[in-house]
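Asker: Protein sequence lines, in the order shown, are assigned to chains B and E.
Here the first sequence stands for residues 1451 to 1720, where the numbers follow our numbering.
Here the second sequence stands for residues 438 to 797, where the numbers follow our numbering.
Every residue gets a Cβ at the ideal spot worked out from N, C-alpha and C, and that includes glycine.
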Amino acid sequence: MEEQFAKTEIHKPENIVYKKTDLMVDRPLSYCPGCGHGTAHRMLMEVIEEMGIQDKTIGVSPVGCSVLAYDFLDIDMIGAAHGRAPALATAIKRMWPNHFVFTYQGDGDLAAIGTAETIHACNRGENITIIFINNGIYGMTGGQMAPTTLPGMRSSTSPYGRDVPTMGHPLKITELVAQLPGVYYVTRQAVHTPNNVRKTKKAIRKAFELQKENKGLSFIEIVSNCNSGWKMTPVQSNKWMEENMFPFYELGDIKVDGKLVEKKATAEKE
Amino acid sequence: MGELRLMKGNEAVAEAAIRAGCDGYFGYPITPQSEVMEYLMAEKPFERTGMVVLQAESEVAAINMLYGGAGTGKMVMTSSSSPGVSLMQEGISYMAGAELPAVIVNIVRGGPGLGTIQPSQADYFQAVKGGGHGDYKMLVLAPASVQEMCDHVKLGFEKAYQYRTPVMILSDGAIGQMMEKVVLFDQVPRRTDAELIEQCPWASNGRPKTRNHNIITSLDLDPAGQERVNLKLQAKYKVMEQNEVLYEEIQCEDAEYLFVAFGLSARICQKAIDMARAKGIKVGLFRPITLYPFPSIEVSNVGNRVKGILVVEMNAGQMIEDVKLSVGCKVKIEHFGRFGGIIPAPDEVVRALEQKIIGG
Chain B
1451 MEEQFAKTEI HKPENIVYKK TDLMVDRPLS YCPGCGHGTA HRMLMEVIEE
1501 MGIQDKTIGV SPVGCSVLAY DFLDIDMIGA AHGRAPALAT AIKRMWPNHF
1551 VFTYQGDGDL AAIGTAETIH ACNRGENITI IFINNGIYGM TGGQMAPTTL
1601 PGMRSSTSPY GRDVPTMGHP LKITELVAQL PGVYYVTRQA VHTPNNVRKT
1651 KKAIRKAFEL QKENKGLSFI EIVSNCNSGW KMTPVQSNKW MEENMFPFYE
1701 LGDIKVDGKL VEKKATAEKE
Chain E
438 MGELRLMKGN EAVAEAAIRA GCDGYFGYPI TPQSEVMEYL MAEKPFERTG
488 MVVLQAESEV AAINMLYGGA GTGKMVMTSS SSPGVSLMQE GISYMAGAEL
538 PAVIVNIVRG GPGLGTIQPS QADYFQAVKG GGHGDYKMLV LAPASVQEMC
588 DHVKLGFEKA YQYRTPVMIL SDGAIGQMME KVVLFDQVPR RTDAELIEQC
638 PWASNGRPKT RNHNIITSLD LDPAGQERVN LKLQAKYKVM EQNEVLYEEI
688 QCEDAEYLFV AFGLSARICQ KAIDMARAKG IKVGLFRPIT LYPFPSIEVS
738 NVGNRVKGIL VVEMNAGQMI EDVKLSVGCK VKIEHFGRFG GIIPAPDEVV
788 RALEQKIIGG
C-alpha cells in the first residue's frame, strides 16, 4: 500500500541527518495542521522502534480525534469503544503478559465516559501504559466542553465559557490516578516545543521500560492544543496553552518509582 | 465416555469453559449467574490450564475486556444476566462489527428494569434480533438442560471461530440454578500462541516483519466501505442460516397439535405432552435449539401437518413472531406465557392448549 519513493542521488545513507521512523505509516495524518497528535504518535513509534518491540506491541486506540491512530501506526492495534480502552488493554495484557500494551486516549474518552475503566485499570495496577492527550475539548465532535475544559473556557457547549457552578470543575484525573497504589509512574508533558518533545519521548521510553520490568501502570498525560476547537491559529493556541493550560495542568513528574513527587511550595496556582 | 457429575447449570458452563480450552473469562456478579465466576475462581483454572479469570468493575468493562481479548485471537467468555447483558449490548455490537469470536452467556431473569431474580425468557428479542445498534446477528443457542449448558459452551466456541462471530448462550435462571447429572467432555488443550496465530491470521497480537499490521475495528467512515462491511456480514449470516440450524422434534410423528418452545419451556412442555396424551390429545413438541438461525423451514414442515400450534414461552410472546413468520397463516397459532419470573406448570400448559387451540 505504501509506495516507496524512487531513490534519488540525495537519498544516500551518508546524507541522512534525520529519518522519520519506519513505524509511522506513509500516509497523510487526519489531524488538523498545528495539532499535537502527530508529534505524540511519532514519539511513541520512535520508542517502539528503538526498543525493537514492534512484534510484541499491541495498541488500543480510542474514540475521538485519534480514533484512526491505527491507520498511522504500523503496529497491531484494536479500536476500542468510547472510553473502554483500559478494559481492552487489561484483557490483552493479562493474556499476552510478555507483550507491550498501551492505550492512547483523549480527555473525553479517558476522563468522562471512560472514568470507571481508567480508575479501575489503574487501581488494579495493570501492567500497561496509558497515554492521555489532554486538550480540554472534544475535538472530533466539533469542540464541545470536555471534563478537562478550564473554568471560563469557551466551547460549543459552553459558548459563554465553562460556568463552574452549573457545569462542574475541570477534572485533574492524572493527579487522581496518581493516588492509586497500582500506578507506578505518572507524568504530565507537552509536545509543542523541541524541548518538551524530547521530555515526552523520554517519559514514553521510561514507561515502556517499566512495563518490561512489570512495575505496574504508567500514566503519561500530554497537555496539547486544539487550535481548531479553540478557534485559534496554531501559534496562538500554543501560546494560550502555555498561559492558561499549564498553570492549571502543571507539567512535570507527579509520581516516580511508585512515590508521589513532593510539590514545590509555590507550584499550585489555580 | 466423559466424567459424570451432578452440577448446577452455571457450574457446568464454567467447567465447560475450562475444558474447552478457554483463555480468559471476564465477568461481573449478578444473580442468578454468579456461580459461573465463583466456580471459576474456586477451581483456579489459571493453575489447571493457564486460563485467566478476572472480575471486572462492571458488565461494560467485562464485555470490553472480551472485545480486547478476542481481538488478539484469544478464546474468551463472559456471562451475565438480563440487566447486565443490556449493559453489554454496545460491546456485542462492536464485536459483531469487528467480527470477533467469543461466547456470551445470558442466564435470563425477569424484566423489564431491575425486574426480578427469577427465571424468564424475555430476552429472546434482544438476543436474536440484534440487541445492540446496527444490522448484526449472532448465533444464539438455547440449552434446555444442564448437559446442554455444558455442551453448548464447546459448540459455541467452535462456531464463534468458524464464523468469527460472537455466540450467545441464552439460558435462564432455572437452568442456571438447577442441578442435573452431566457428562463432561474431556479437557481440550488451550491453543499455543503459534496455533492461535495460525488459526487467527487476522488477530492483533504483535506485528511481525512478515505481514502488514492487523487492525481490529468496526469503523469505516466511507459509506461504500461500511456498506461492504454490512454486505459481508449479511452474506455470513446467510451461510449460518443454511448450515447451523439446530432443533429437536419430540413425539411429532403422530401429532395433531404442536407445542413450540425453547429452553426451560420445552422441558415443561415435555411433561405437558405426557399429561395431554394421557387424556388422548396427540400433541408433540418442536424445540428450536438455535434461536438464531431460527429453524424456519423445519418448524414450518411440522407446523403445517398439525391442526394448531401453541407457542409456550416465559415471556409475553416473542418467539411466536418467528413461528408465525415461518409457518404462515393456514394453521392456528396461539401463545401461552407466564412472565415476571413465574415458571408455568405443565397442567397450565395443557389447559392453555385445550382452551386456546383445541376448544378455541
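With distances taken Cα to Cα, identify the nearest neighbour of E/Pro-466 among E/Gly-458, E/Glu-475, E/Asp-460.
Answerer: Selected option, being the one with the closest Cα: E/Glu-475.
Asker: Excluding the 5 residues preceding and the 5 following B/Ser-1678 in the sequence, name in chain order all residues of the same chain whose CB lies nearer than 6 Å to its CB.
Answerer: For B/Ser-1678, where only same-chain residues beyond five positions count, the Cβ hits under 6 Å are Cys-1482.
Asker: Does the separation of the CB atoms of E/Val-490 and E/Ser-519 fall below 7 Å?
Answerer: Not closer than 7 Å, so no.
Asker: Mapping DSSP to helix, strand and coil, what is E/Ala-597?
Answerer: In the structure shown, E/Ala-597 sits in a helix (DSSP, three-state: H, G or I).
Asker: Among E/Ile-606, E/Pro-638, E/Phe-622, E/Tyr-573, which one has its Cα closest to the Cα of E/Gln-663?
Answerer: Checked all of E/Ile-606, E/Pro-638, E/Phe-622, E/Tyr-573; the closest Cα to E/Gln-663 is E/Tyr-573.
Asker: For E/Glu-581, count neighbouring C-beta atoms within 10 Å of its own C-beta (all shown protein chains included) and say buried if the count is 16 or more, exposed if not.
Answerer: One detail in the question is off: residue 581 of chain E reads as Ala in this sequence, not Glu. Looking at its Cβ environment, which holds 16 or more other Cβ atoms inside 10 Å, E/Ala-581 is buried.
Asker: What three-state label does DSSP hand B/Leu-1710 in the structure shown?
Answerer: DSSP places B/Leu-1710 in strand when its eight states are reduced to three.
Asker: Would you mind working out which of E/Leu-633, E/Gly-446, E/Gly-508, E/Pro-469 sits nearest E/Gly-458, comparing C-alpha positions?
Answerer: Here the closest residue by C-alpha is E/Leu-633.
Asker: Using a cut-off of 7 Å between C-beta atoms, extract the partners of E/Arg-742 located in chain B.
Answerer: Neighbours of E/Arg-742 on chain B: none; closest Cβ ~47 Å, over 7 Å.
Asker: Report buried or exposed for B/Ile-1466, applying the criterion of at least 16 other Cβ atoms within 10 angstroms of its Cβ.
Answerer: It counts as exposed.
Asker: In or out: B/Tyr-1634 buried (at least 16 other Cβ within 10 Å) or exposed?
Answerer: Looking at its Cβ environment, which holds 16 or more other Cβ atoms inside 10 Å, B/Tyr-1634 is buried.
Asker: Who are the neighbours of B/His-1570 on chain E, taking C-beta pairs under 9 Å?
Answerer: By Cβ distance, chain E contributes Ala-493, Glu-494, Ser-495, Ala-498.
Asker: For E/Met-488, does the three-state DSSP call read helix, strand or coil?
Answerer: Here E/Met-488 sits in coil by DSSP.
Asker: Taking the C-alpha atoms as reference points, what is the distance between B/Ile-1654 and E/Ala-479?
Answerer: Answer to the nearest angstrom: the Cα atoms are 39 Å apart.
Asker: Is DSSP giving B/Glu-1693 helix, strand or coil here?
Answerer: Correct three-state label for B/Glu-1693: helix.
Asker: Looking at the strands, I want to know which residues DSSP matches up with B/Thr-1683.
Answerer: Paired residue(s): none; B/Thr-1683 is not in a bridge.
Asker: Provide the residue span of the beta strand (DSSP E) that contains E/Ser-516, from first to last.
Answerer: Counting along the chain, the beta strand (DSSP E) containing E/Ser-516 begins and ends at 513-517.
Asker: DSSP on B/Ser-1511, reduced to helix/strand/coil?
Answerer: Correct three-state label for B/Ser-1511: strand.
Asker: Using DSSP bridges, identify the partner residues of B/Ile-1528.
Answerer: B/Ile-1528 pairs with B/Val-1510, E/Ile-653.
Asker: By Cβ distance below 7 Å, which residues in the same chain neighbour E/Gln-624 in space, the five residues on each side in sequence not counted?
Answerer: So the list reads Arg-456, once near-sequence residues are dropped.
Asker: Counting only the same chain and skipping the five closest in sequence on each side, list residues whose C-beta sits under 7 Å from that of E/Tyr-684.
Answerer: Excluding residues within five positions, the ones whose Cβ falls inside 7 Å are Phe-723, Arg-724, Pro-725, Ile-726, Pro-732, Glu-735.
Asker: Which residue from E/Met-575, E/Val-749, E/Glu-617, E/Leu-656 puts its Cα closest to that of E/Lys-675?
Answerer: When each option's Cα is compared against that of E/Lys-675, the closest is E/Met-575.
Asker: At which residue ranges does the stretch 679-757 of chain E contain complete beta strand (DSSP E) runs of 3 or more residues, listed in the order of the chain?
Answerer: Counting whole runs of 3 or more residues, the stretch 679-757 of chain E contains the beta strand (DSSP E) stretches 684-687, 694-697, 720-725, 727-729, 745-750.
Asker: Please report how far the alpha carbon of B/Asn-1585 lies from the alpha carbon of E/Met-677, in whole angstroms.
Answerer: If I take the Cα positions, the gap works out to 46 Å.
Asker: Does the beta carbon of B/Ala-1541 sit closer than 7 Å to a beta carbon anywhere in chain E?
Answerer: Chain E contact via Cβ: present.
Asker: Rounded to the nearest angstrom, what separates B/Ser-1608 and B/Ile-1587 at their Cα positions?
Answerer: Each residue's Cα considered, the two are about 11 Å apart.
Asker: Smallest Cα separation from E/Ser-608: which of E/Arg-442, E/Pro-469, E/Val-749, E/Val-748?
Answerer: If we check each option's Cα against that of E/Ser-608, E/Pro-469 comes out closest.
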